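What follows is a short report on a single structure.
Numbering (the working numbering), first residue to last: 146 to 278.
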């Protein structure tokens, strides 16, 4: 299966060829920091390959100190982008970076010990179709 994706500004465009084995919502403190949200939503594949269609020179990777935490992003708009880890054995794709439908559902929440204190019962709060007011 071919999945397509891009950054927010459109400078970086990519294709992922293959299937995702896992999909996790990560609540670790590093994922919360680099997404600015309650969790990261990442797809994982040990067999898929990535092809940069455009903007590969605008992709920068950051590995946090001596951890396994890696974030790739567009140097123009800051959008999260796919990266390879474990010496190229694992492709990690931020689910929100895909332009095509995500073919699998998340398998679970991970690193819940680091979950944000405000991340509770979010499905119970009021929802709006657009910015209220």
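Each residue gets a CB set at the ideal place from its N, CA and C atoms; glycine is no exception.
These figures come from a predicted structure and were not determined experimentally.
*asked:* Using C-beta distances below 8 Å, list every residue in its chain close to residue 237, excluding the 5 sequence neighbours before and after it, in chain order.
replied: Translated into positions along the chain shown, residue 237 becomes position 92. Taken in chain order, the residues that qualify are 187, 188, 189, 215, 227, 228, 229, 230.
*Enumerate, from N- to C-terminal direction, the unbroken beta strand (DSSP E) stretches of 3 or more residues contained entirely within the region 161-233.*
Taken in chain order, the unbroken stretches of beta strand (DSSP E) that lie wholly in the region 161-233 and span 3 residues or more are 167-171, 185-190, 194-199, 204-208, 215-219, 228-230.
*Would the beta-carbon of residue 148 fall within 8 Å of that of residue 156?*
In the chain shown, counting from the first residue as 1, residue 148 sits at position 3. In the chain shown, counting from the first residue as 1, residue 156 sits at position 11. In this structure, the beta-carbon distance from residue 148 to residue 156 does not fall below 8 Å.
*Measuring CA to CA, which of 163, 219, 177, 168 is closest to residue 196?*
Position 51 of the chain shown holds residue 196. Distances from the CA of residue 196 to each of 163, 219, 177, 168 were compared; the closest alpha carbon is that of 163.
*Taking the Cβ atom as the reference point for each residue, do residue 168 and residue 234 lie within a distance shorter than 8 Å?*
Residue numbering aside, residue 168 sits at position 23 when the chain shown is read from its first letter. Residue numbering aside, residue 234 sits at position 89 when the chain shown is read from its first letter. At the C-beta level, residue 168 and residue 234 stay beyond 8 Å of one another.
*Exposed or buried, residue 144, counting other C-beta atoms within 10 Å across all chains shown (16 or more means buried)?*
As displayed, the chain neither begins before 146 nor continues past 278, which places residue 144 out of reach and without an answer.
*Identify the residues that DSSP records as bridge partners of residue 255: which are they?*
Residue numbering aside, residue 255 sits at position 110 when the chain shown is read from its first letter. Under DSSP, residue 255 forms a beta bridge with 171.
*Hey, is residue 178 close to the ligand MG, as in C-beta under 7 Å from one of its heavy atoms?*
This structure lacks the ligand MG, and indeed carries no ligand of any kind.
*So the beta strand (DSSP E) residue 238 belongs to, where does it begin and stop?*
Here residue 238 refers to the residue found at position 93 of the chain shown. From DSSP, the beta strand (DSSP E) with residue 238 extends over 235-239.
*State buried or exposed for residue 171, treating a residue as buried only when at least 16 other CB atoms are found within 10 Å of its CB.*
Locating residue 171 in the chain shown gives position 26, counting from the first residue. Buried is the call here.
*Answer yes or no: does any C-beta atom of chain D fall closer than 8 Å to that of residue 150?*
Among the chains in the structure shown there is no chain D, since it carries only a single protein chain.
*Express the C-alpha separation of residue 259 and residue 232 in angstroms, rounding to a whole number.*
Here residue 232 refers to the residue found at position 87 of the chain shown. Here residue 259 refers to the residue found at position 114 of the chain shown. Between the alpha carbons of residue 232 and residue 259 lies a distance of about 27 Å.
*Could you tell me the boundaries of the beta strand (DSSP E) in which residue 147 lies?*
The sequence position of residue 147 within the chain shown is 2, counting from 1. In this chain, the beta strand (DSSP E) harbouring residue 147 covers 147-151.
*asked:* In whole angstroms, give me the CA-to-CA distance for residue 207 and residue 248.
replied: One-based indexing of the chain shown puts residue 207 at position 62. One-based indexing of the chain shown puts residue 248 at position 103. Going by the C-alpha atoms only, they are around 27 Å apart.
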